[in-house]
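S.K.:
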Amino acid sequence: MNLSPDELESLANRFKILGEPARLQILSSICGGERNVQEICDRTGLNQANVSKHLRLLKDAKIVACKRVGVCRYYRVIDPDLLGLCVSARHLLQDRKILAHS
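Here it is in structure tokens:
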């Protein structure tokens, strides 16, 4: 892997986004479709202020987008590559657990 300093910085920033469990919970809760903040709170058990803060970071990173319907904002994942990375990481972790128990 021969990446430029700018590419490495970009990659590190993507991993920083994934480095927070609350953001992973939020992404997991909306990967199947749009949800508003209250629905995300209900699915994750996180409080509204925390969810809103993380959604703002995810939106700034262009991982999620939102649309306004009345007074509610509905969020959806717009970065399918990031979801694919999460699925791959999950498979890798599951494989490691299997190998560790052998």
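Position one of the sequence shown corresponds to residue 66 (my numbering), numbered consecutively onward. For each residue, glycine too, the CB sits at the ideal point set by N, CA and C.
Counting Cβ pairs closer than 8 Å, one from the region 105-115 and one from the region 146-164, do we hit at least three?
M.R.: Cβ pair count under 8 Å is below three, so no.
S.K.: So, are the CB atoms of Y140 and R100 less than 8 Å apart?
M.R.: Yes, the pair counts as a contact, with Cβ atoms nearer than the cut-off.
S.K.: Where does C137 land, buried or exposed, given buried means 16+ other C-beta within 10 angstroms?
M.R.: Exposed is the call here.
S.K.: Which stretch, first to last residue, makes up the alpha helix (DSSP H) that contains A77?
M.R.: It spans P70 to L83 - the alpha helix (DSSP H) in which A77 sits, taken as one unbroken run.
S.K.: Measure the beta-carbon distance from I95 to V129 and round it to whole angstroms, keeping in mind my assumption that it falls under 8 Å.
M.R.: About 7 Å separates the two Cβ atoms, so the contact holds.
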